[in-house]
Amino acid sequence: MVYGDSLSAGYGLPQKTGWVSLLKTKLKREQLVYQIINASISGETTLGGLKRIKQALHRYRPSIVIVELGANDGLRGIPIKSIYNNLEAIIKVCKKNKASILLVGMRLPPNYGKIYTKEFSNIYHKIASKHELKLVPFLLEGFGDKLKYFQDDRMHPNKIAQEKILINVWRVLQKMIMPSSEAS
């Protein structure tokens, strides 16, 4: 189950072109039998995610949850402690429900100030370390600073960026779902 915001919901993209749809195709091509549920909502925050995680877990019963939340909190200047606490609570609920977790990190633009942007980025590393989670350090690694990969709003990745996002996620996810001798 992918549990995220607009970056995973495919905001502004033609249907079936977002990275989650590309992941479904990749799993099929690799002959890995996983059903992908995209429970992402555009505009979602960590608080909103916390409020609906139990219901999503009960409904879908995923073996793996890819948690990609926090960007909207950061863009709204939500206190770091609140973002951390909400993400950690989501992780705990997932663990209680016996789901493995892949945490996906984000970064903020520098105009949010050095301290806030650094503390924001560190949230993901701290939670992953504390809870021994697999981590994608930055969803937009390798292209997050290149305008050609973004829609006109300069916030949401465009269609050509989706394959790059998939590569960033797959690099870590494959270690969770494939025997190490077969991971490529």
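Numbering (this note's numbering), first residue to last: 1 to 184. Quick reminder that beta carbons are idealized off the backbone N, C-alpha and C, glycines included.
Task: Straight-line gap, residue 75 to residue 115 (C-alpha atoms, nearest Å) - done: Spanning the two alpha carbons is a distance of roughly 14 Å.
Task: Buried or exposed by the 16-neighbour rule on C-beta atoms within 10 Å, applied to residue 147 - done: Counting of Cβ neighbours within 10 angstroms places residue 147 among the exposed residues, the total staying below 16.
Open item on the list: Counting C-beta neighbours from all protein chains within 10 Å, is the total for residue 160 16 or more, i.e. buried, or is it exposed?
Closed with: Exposed is the call here.
Task: Residue burial classification, residue 110 (beta-carbon count within 10 angstroms, cutoff 16) - done: Only exposed fits residue 110, as fewer than 16 other CB atoms lie within 10 angstroms of its CB.
Task: Completely contained alpha helix (DSSP H) runs for the stretch 100 to 163, where each covers 4 or more residues - done: Those alpha helix (DSSP H) runs which fall completely within the stretch 100 to 163 and span 4+ residues are 114 to 130.
Task: Any beta strand (DSSP E) of 3 or more consecutive residues that is wholly inside the stretch 20 to 88 - done: The stretch 20 to 88 contains, as complete beta strand (DSSP E) runs of 3+ residues, the segments 64 to 68 (chain order).
TODO: Decide if residue 132 is buried, meaning its Cβ has at least 16 other Cβ atoms within 10 Å, or exposed.
DONE: Exposed, because fewer than 16 other Cβ atoms sit within 10 Å of the Cβ of residue 132.
- [ ] Ignore the nearest five residues each way along the sequence and tell me which others in residue 55's own chain have a CB closer than 6 Å to its CB.
- [x] Nothing listed; no residue qualifies.
Task: Distance between residue 97 and residue 123 (C-alpha atoms, nearest Å) - done: Those two C-alpha atoms are separated by around 23 Å.
- [ ] Measure the alpha-carbon distance for residue 13 versus residue 48 and round it to whole angstroms.
- [x] Going from the Cα of residue 13 to the Cα of residue 48 covers about 23 Å.
Task: Where residue 33 falls, given that 16 or more other Cβ within 10 Å makes a residue buried - done: Taking a 10 Å sphere around the C-beta of residue 33, we find fewer than 16 other C-beta atoms and assign the residue as exposed.
Task: Residues bridged to residue 4 (per DSSP) - done: In the DSSP output, where bridge partners are listed per residue, residue 4 has 68.
Open item on the list: So the candidates are 57, 71, 106, 127; which of them puts its Cα closest to the Cα of residue 85?
Closed with: Taking only the C-alpha atoms, the option nearest residue 85 is 127.
Task: Backbone secondary structure at residue 178 - three-state DSSP - done: Note: residue 178 maps to coil in three-state DSSP.
Open item on the list: Suppose contacts are defined by Cβ-Cβ distances below 8 Å. Is residue 36 in contact with residue 27 by that definition?
Closed with: Yes.
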